[in-house]
Amino acid sequence: MTLSVSSAFDGGNIRLVVIEGDRIDLEIAKDQSSDFYQWFYFRVTGGGGRALELRILNCAGAAYPHGWEHYRGCMSYDREEWERIDTSYAGGVLTMKVTPASDSVWFAYFAPYTMERHHELVASAASYPGLAYRSLGKTLDGQELDYLELAGGPLQVWLYARQHPGETMAEWWMEGAIERLLDESDPVTKRLREKATFHIVPNMNPDGSRRGHLRTNAAGTNLNREWHAPSFKKSPEVFHVLAEMDKTGVDFAMDVHGDEAIAANFLAGFEGIPSHKPEQQALFDAFSEALVRATPDFQTAKGYDIPAPGKANLSMSTAQLAERFGAVSMTLEMPFKDNDDLPDPVYGWSPERCRLLARSCLDALHAVIDRVAAYRAA
Ligand code: ZN
5 MTLSVSSAFD GGNIRLVVIE GDRIDLEIAK DQSSDFYQWF YFRVTGGGGR ALELRILNCA
65 GAAYPHGWEH YRGCMSYDRE EWERIDTSYA GGVLTMKVTP ASDSVWFAYF APYTMERHHE
125 LVASAASYPG LAYRSLGKTL DGQELDYLEL AGGPLQVWLY ARQHPGETMA EWWMEGAIER
185 LLDESDPVTK RLREKATFHI VPNMNPDGSR RGHLRTNAAG TNLNREWHAP SFKKSPEVFH
245 VLAEMDKTGV DFAMDVHGDE AIAANFLAGF EGIPSHKPEQ QALFDAFSEA LVRATPDFQT
305 AKGYDIPAPG KANLSMSTAQ LAERFGAVSM TLEMPFKDND DLPDPVYGWS PERCRLLARS
365 CLDALHAVID RVAAYRAA
């Protein structure tokens, strides 16, 4: 059987340079109308029993070159279980070595979360009696922007993910969050729903997801730089979500992402917004401390530099929502690599750990929700 590489499927991204013997040279394609790239997802057929050397040649020019250091690629036969494989990075080239057991094998930057899986998630959630489904509008490629509302108490909680489509861990997190929020036998869920109404956008960037983008939508726009002034033409996804937020208000918000370089889970907040308030910050800190107590997968030592007073970037959703609504808002970052404090040699950071982290985030919200309610009522 001839060795062959393909990526013409939902979320796929790779360009074949050359196949020579058992060596396959590849390049990652840029996002449409953008220079960003780092997400890859492709299939190799005809490689069963062969000692393959997969080389991605253009990694030095990727969005986050530091992301390749100590990174291990993901491989799957059934597209359910994604194992890490022998990977090295040198001279701008990422080399993955594997002898597949099958003539059909899939490789990805992280366990993919395809639009087909997204539709299954939304379809199963939408059939739940207490949940209202609505499309907030259409994307540039003509996909629906799916929104789920779980009506409950007066506090307005927004959970939204995957502004950056290559950060598939964000939607694995969503799967865990939605599963727990729909479990009526869960006492934490019961309490949260007495206190709050949940507004959920499981995937902010369907077009980038299907196109196999790292960071942008169909127009090459980075959605998390649009929140100060979203436009119908360049960033309808943000335009529609922010319009809905303006109707409901926002008390607490989580924007879920993945980070290429840092091998840890961490939060980024809204320090540096013009209207920054001590109690607003104290609630962010209380959530963060509650999450540390809830799971060893979360920590506060590693993360981004905190912006100086007045230096927040209001084009990013977390800062914009904190400023616009006085919300306790945060960006959750999960690793592409692993949680180095609690590493998994077989899977690295994985879909299962994303789902579990989402459950812990709901525990942390439960721990602080009365304080958030009191702050918002004041
Ligand atoms: Zn991101």
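Take the sequence shown: its position 112, counted from the start at 1, is 116 in our numbering, and no numbers get skipped. Even glycine gets a Cβ: it sits at the ideal position worked out from N, Cα and C.
- An exposed status is given to Ser189, since fewer than 16 other beta-carbon atoms sit within 10 Å of its beta-carbon.
- In the DSSP secondary-structure assignment, Asn17 is bridged to Tyr45.
- Pairing Phe13 with Ile32 gives a Cβ-Cβ distance that is not under 8 Å.
- Close CB contacts of Leu140 within its chain, under the 7 Å cut and outside five residues either way in sequence, are with Leu149, Tyr151, His244, Val245, Glu248 (chain order).
- Inclusion of Gly262 and Pro206 in the CB contact set at 8 Å is not warranted, their separation being larger than that value.
- Our two residues, Arg328 and Gly15, have alpha carbons roughly 34 Å apart in a direct line.
- Inclusion of Ala312 and Ile277 in the CB contact set at 8 Å is not warranted, their separation being larger than that value.
- Excluding five sequence positions before and after Pro300, the CB atoms of its chain that fall closer than 6 Å to its own CB belong to Leu346, given in chain order.
- In the displayed model, Tyr117 falls within coil according to three-state DSSP, outside both helix and strand.
- By the neighbour-count criterion, in which a residue is buried when 16 or more other Cβ atoms sit within 10 angstroms of its Cβ, Phe288 is buried.
- Looking only at Ala326, Arg83, Thr143, Trp353, the smallest Cα-Cα distance to Tyr75 is reached by Trp353.
- For Val22 and Arg47, the gap between their C-alpha atoms comes out near 15 Å.
- Rounded to the nearest angstrom, the gap between the Cα atoms of Ala136 and Thr201 is 11 Å.
- The three-state secondary structure of Glu124, taken from DSSP, is helix.
- Not one heavy atom of the ligand ZN is found less than 7 Å from the C-beta of Glu175.
- DSSP places Met173 inside the alpha helix (DSSP H), whose first and last residues are 173-185.
- Note on Ser235: under 16 other CB atoms within 10 angstroms of its CB, so exposed under the neighbour-count rule.
- Assignment of Gln160 by DSSP, reduced to helix, strand and coil, places it in the strand class.
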